[in-house]
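Remarks on the structure that follows.
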Amino acid sequence: MNELENNTTQNNQQNISNAPTAMDNNQNSYQAPTTQEKKKGNSKVGVLIAILLILVLALIGVTSIKFIFENQNPVKALVTNTFEYLEGNIKDYSQVSGTFALKVNGNSNDNDANEIFAMLNKIDLEGTYGFDLDNKIISLDLKSNYDKEKLLNLNLYAENGIGYVYLEDIYDKHIKTDIENYDDMFKKTNKEDYKVILKSMNKAINNSLKDDYFETSKETVDGKKLTKTKLNLSTENQETLKNDILKSLLEDSEFLKSAATITEKTEDEIKENIQNKIDTKIEGNGENLTIYTEGNKFVKLELKQESDTMEITKESDKIYNYSITSDNETYSGTLKVTKQNENTTVSFSVKDSANTSYEVILTTSAQYNKEISKKSIDKSIDYKDLTDEDTTKIYSNILKSKGITNLLTDFSKMTTTLPTLGTSNNNDYEF
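Under this note's numbering, think of the first position of the sequence shown as 6, with each following residue one higher.
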């Protein structure tokens, strides 16, 4: 790996270090899925999306798969990239502060779903945050608008085991309450222990990926000659791989020591937990992970598990497209990461086979080891001491907010058009 490639990787990792349903058209007759069917489908999609996010974030951290030496196995390179990305984002700090903004844009062919999206699209959230481990301070300022009118602005502040809430233009005092186990939120851990754990896991996984698990071939995709590397994760291979990884960790004294420190357990307890996982057999029909590369550049990733399939395709250094098929339902979209000055924007879009689509846009910034100012709490009242008059005043002022009024008006219109759950004119809904 040359120096230029290494520098590029590190820069791209820093660039994102600051960076978190389908609705079908109403039919004349509808048979709702059973609870078990819902759980099964949601579980599969949830697992695939979780894997997707981890893999995409790892891939975005590099402009190409790093090769420790020429023609290194790209699956092992991806594992290394993932753990190096995670390790690179472990920062040693006592204070962290920054900004955030969240926006949702969605639409659907289904009228009811579209009305919900129409409301969500009008909401804007932004704010600032601060977290001080040394002085045990938490600060959060949240501003929100609905259809460009102020919705609700509030400040959350905590110090010395007491939390304060201030509602701007709603109530002229901070409302306070005690916070249980407050000090537990500020326990410091040695960041090196996390790095030790990541290094150990990286080593254990890569050493356990045997050559027999892989198949390599050449394929032409969209006119490009690519190298196809397939990892066969049959149930038998998964069982062997799992045990090899866990046995490696079981024999890694540095891993055991760091894991015990972070979890506040003894090394013997860590060993017992690992052994229990070794004794637990893997169930399922296996899966296959395939990576397509052009030279040393990532092009595409496929993960297949029974009837479920996930694909990630690289469009550019900052844009990755994906597709997930599960239980005959297809989800697709794009994850895009951009950076401007200190701000990092992550845009994640989703579209299903019923043409329901939405995009979540999150913009964040972070600064480390910058002093977080204490807030002056001149007037405060315990929430238990709020009188009926206080409560009435708060509700009255909330309803005077134009943003709140517009939101409630739109919500009222929407609820009058939504069908009553479990009923219809034809009595043909079944639950």
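Heads up, the beta-carbon is just placed ideally off N, CA and C, and yes, glycines get one too.
Bridge partners - residue i, DSSP secondary structure assignment
{"i": "D315", "result": "Correcting the residue identity first, residue 315 is Met in this sequence and not Asp. DSSP, once it has assigned bridges, lists L308 and I329 as partnering M315."}
{"i": "G132", "result": "F105 and L147"}
{"i": "E364", "result": "N110 and S354"}
{"i": "V342", "result": "V351"}
{"i": "S337", "result": "S328 and K356"}
{"i": "D387", "result": "K181"}
{"i": "L231", "result": "E224"}
{"i": "F303", "result": "T298"}
{"i": "T245", "result": "For T245, which the question treats as bridged, DSSP gives no partner whatsoever."}
{"i": "K286", "result": "Paired residues: none, contrary to the question."}
Euclidean distance between Cα positions of residue i and residue j
{"i": "I180", "j": "Y151", "result": "25 Å"}
{"i": "D313", "j": "I210", "result": "24 Å"}
{"i": "E241", "j": "G289", "result": "10 Å"}
{"i": "K418", "j": "D357", "result": "26 Å"}
{"i": "K153", "j": "L130", "result": "11 Å"}
{"i": "N439", "j": "Y336", "result": "The structure shown does not extend to residue 439, since the chain is modelled only from 6 to 436, so the question has no answer here."}
{"i": "I70", "j": "N237", "result": "Residue confidence for I70 is low, a pLDDT of 48 falling below 50, so the modelled location carries little weight; the figure read from the coordinates is stated next. About 20 Å."}
{"i": "N333", "j": "L294", "result": "20 Å"}
{"i": "I448", "j": "E307", "result": "The structure shown does not extend to residue 448, since the chain is modelled only from 6 to 436, so the question has no answer here."}
{"i": "A264", "j": "E274", "result": "10 Å"}
{"i": "Q345", "j": "G103", "result": "15 Å"}
{"i": "K192", "j": "F219", "result": "43 Å"}
{"i": "T271", "j": "E277", "result": "10 Å"}
{"i": "T268", "j": "L203", "result": "15 Å"}
{"i": "E376", "j": "I143", "result": "12 Å"}
{"i": "D415", "j": "I121", "result": "9 Å"}
{"i": "K43", "j": "T392", "result": "At K43, the pLDDT of 42 sits below 50, so the modelled position is not reliable and the matter cannot be decided from this model."}
{"i": "N160", "j": "D387", "result": "16 Å"}
{"i": "N119", "j": "T410", "result": "20 Å"}
{"i": "T245", "j": "K252", "result": "10 Å"}
Close-in-space but distant-in-sequence residues of the same chain around residue i (CB under 6 Å, 5 per side omitted)
{"i": "D139", "result": "S99"}
{"i": "D397", "result": "According to the sequence provided, residue 397 is Thr. The question's Asp does not apply to it. Around T397: no qualifying Cβ."}
{"i": "N326", "result": "T318, E320 and T339"}
{"i": "K380", "result": "Y162"}
{"i": "F74", "result": "Its pLDDT being 38, under 50, F74 is placed unreliably in this model, and the coordinates cannot settle the point."}
{"i": "N460", "result": "Missing from the structure shown is residue 460; the chain here goes from 6 to 436 and no further."}
{"i": "S354", "result": "G338, T339 and E364"}
{"i": "K141", "result": "F191"}
Chain-order list of residues whose beta-carbon lies under 7 Å from that of residue i (same chain, five-residue window excluded)
{"i": "G166", "result": "D183, I184 and Y187"}
{"i": "K230", "result": "K223"}
{"i": "N207", "result": "V84, T85 and F88"}
{"i": "N110", "result": "N126, Y363 and E364"}
Neighbourhood of residue i by C-beta distance below 8 Å, restricted to the same chain and skipping five residues each side
{"i": "D97", "result": "K196"}
{"i": "K323", "result": "I65, K341, V342 and T343"}
{"i": "E259", "result": "V201 and S205"}
{"i": "E385", "result": "Here residue 385 turns out to be Ser, not Glu, going by the sequence shown. Within the same chain, S385 has close Cβ partners Y169, K178, H179, I180 and K181."}
{"i": "N248", "result": "I283"}
From the options, residue whose alpha carbon lies closest to that of residue i
{"i": "L254", "options": "E288, L294 and V201", "result": "V201"}
{"i": "A106", "options": "I275, L147 and L246", "result": "L147"}
{"i": "L412", "options": "A123, D284, D117 and G228", "result": "A123"}
{"i": "K155", "options": "F416, T414 and I403", "result": "I403"}
{"i": "E256", "options": "Q280, E376 and Y400", "result": "Q280"}
{"i": "G4", "options": "N158, T330 and Y199", "result": "As displayed, the chain neither begins before 6 nor continues past 436, which places residue 4 out of reach and without an answer."}
{"i": "S149", "options": "G408, Y90 and D177", "result": "G408"}
{"i": "T298", "options": "D227, Q310 and E244", "result": "D227"}
{"i": "I399", "options": "I95, Y176 and L159", "result": "Y176"}
{"i": "I287", "options": "Q372, A118 and Q243", "result": "Q243"}
Proximity test, Cβ basis, 8 Å: residue i and chain D
{"i": "E307", "result": "Protein chains in the displayed structure number just one, and chain D is not present."}
List in chain order: all unbroken alpha helix (DSSP H) runs of 4+ residues lying wholly within the segment 174 to 229. Listed in chain order, they are 196 to 213.
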